[in-house]
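For reference, the structure discussed in these notes is given below.
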Amino acid sequence: LGRVPMQLLHEAPTCLLHNLEGLGSVDSIGELDWTRLLRLQTPKGSFLTSPAATSFAVMATRDEDCMEYISGIVDKFHGGAPTVYPVDIYARLWAVDRLNRLGISRFFRPEINQCLDHVYRFWRENGVFSARESDFCDIDDTSMGFRLLRLHGYKVSPDPLMNFKNGEEFNCYVGQGFESPSPIFNLYRASQVMFPGETVLEQAREFSYGFLKRRLETNQLLDKWLISKHLPNEIKDGLEMPWYATLPRVEARFYIDTYGVDDIWIGKSLYRMPEINDETYLKLAKLDFDTCQSQHLAEWDGIQRWYEANRLGEAGVSRNEMLLDFFSAGSVIFEVERSAERLCWAKLQTLSTALRS
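Numbering follows the working numbering, with no gaps: position 210 of the sequence shown is 1000.
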């Protein structure tokens, strides 16, 4: 902390604002200029959504906006305070991501649309942070936000990622000294939804893939933001099966095994986020996967009877070819309620093979 440049601390929102209570006791930092620091508050009165840093500011300045922020938190949490608040952007993005990867997002389409509308409303040219209306941004939230917004049809540019580029590397935020796997993994995932000519995403993909591959090979996957026993396998699966090479049901099956119900986030204290890691999500994902599998097996039995009844073997169609036709249909149209579409696709493919033969 003694190497922190005072000019930077007072001129622009940086991650240091989150830790003001610690900076006040470092002799080499010198006197904090509260007149300048108060200009860096968020519109809600906090210092980078940190109750501890904002409380320190209250003790030093008696600023009314800071006091209103702290009073609101204490009232909301019945006399207590979380380590960070709010986290409305982060919580929405990660909840949507988990529902998508577990294969159950179709049950929550209105809620997902509301979440992403909220994120898009606060999307800025330099990206987003875990909370709305913050001039400070980080690569973790920006990468996740860009990826999900683009996949759901919102018009977003990858240009905000340029703010985190440092030479050939990318940093979680400006001035970051040591990178952790989880933000870079989200950068890697974001880089896979690029359009032709988006150079920053090409650079992000090259850097993030190399970074994560080296970490896997050297078993250096301890993360400073997250405690998750599943993170190494999640990264391994992600590198081996890039997004464009996966199928919805296959991705869901893999993620059911790596979804971290007991994940713990690391901040000024250790905490959980039930909006993101909920055992109910996992139970629903398993039930949905088993239900779909049962439906597909029943349909496969019916298709085999149809194959025999129409003597398609004599027309040059093998059972294996018919199975591949059904798999190609079921891999992308997997929902139980879309049985008619799935069967129509599979049977038409089989008939097409018979006609060609």
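Beta carbons: idealized from backbone N, C-alpha and C, even for Gly.
Taking Cβ positions only, does F919 come closer than 9 Å to chain D? Among the chains in the structure shown there is no chain D, since it carries only a single protein chain.
Buried or exposed for R979, going by 16 or more other Cβ atoms inside 10 Å? R979 is buried by the Cβ-count criterion.
Can you have a look at H808 and say buried or exposed, based on whether 16 or more other CB atoms are within 10 angstroms of its CB? Classification for H808: buried.
In whole angstroms, what is the alpha-carbon distance linking I1093 and N890? Cα-Cα distance, rounded: 30 Å.
Nearest to A1119 by alpha carbon, out of L1133, V1126, N1110 and L1102? Cα-wise, what sits closest to A1119 is L1133.
Backbone CA spacing between I819 and V964 [nearest angstrom]: Annotation note: pLDDT 46 at I819 (below 50); position unreliable, coordinate value reported separately. Distance from the CA atom of I819 to the CA atom of V964, rounded to whole angstroms, is 19 Å.
Secondary structure of K1026, DSSP reduced to three states: If DSSP states are grouped into helix, strand and coil, K1026 belongs with the helices.
Could you check how far apart the C-beta atoms of L1072 and Y1097 are, in whole angstroms? I think they sit under 8 Å. Not a contact, Cβ separation roughly 37 Å.
Burial state of V848 (16 or more Cβ within 10 Å): Result: buried.
Nearest-angstrom Cα distance between E1127 and R888? Roughly 22 Å separates the two Cα atoms.
Where S972 and F960 are concerned, what is the direct C-alpha to C-alpha distance, given to the nearest angstrom? In a straight line, the C-alpha of S972 is about 13 Å away from that of F960.
Below 9 Å between beta carbons: does that hold for F1044 and D1068? Against a cut-off of 9 Å, the Cβ pair of D1068 and F1044 comes out as no contact.
If you drop the 5 nearest sequence neighbours on each side, which residues of the same chain put their C-beta closer than 7 Å to that of L1021? For L1021, where only same-chain residues beyond five positions count, the Cβ hits under 7 Å are P971, S972, L1011 and D1013.
Three-state secondary structure assigned by DSSP to Y978: In the three-state reduction of the DSSP assignment, Y978 falls in the helix class, which pools H, G and I.
Close-in-space but distant-in-sequence residues of the same chain around H1086 (CB under 6 Å, 5 per side omitted): Contacts found: G1120.
Beta-bridge pairing of Y1148 - partner residues as DSSP gives them: Past the boundaries of the shown model lies residue 1148; the chain is included only from 791 to 1147, so the question cannot be answered.
R914 - DSSP class collapsed to helix/strand/coil: DSSP, read as helix, strand or coil, puts R914 in strand.
Beta strand (DSSP E) containing I1054: first to last residue? Segment I1054 to I1056, the beta strand (DSSP E) holding I1054.
Just verifying my parser: in three-state terms, what is the DSSP assignment at L1016? In the structure shown, L1016 sits in a strand (DSSP, three-state: E or B).
Nearest CA to the CA of N956: which residue from L939, L938, D931 and Q993? By alpha-carbon distance to N956, the top candidate from L939, L938, D931 and Q993 is Q993.
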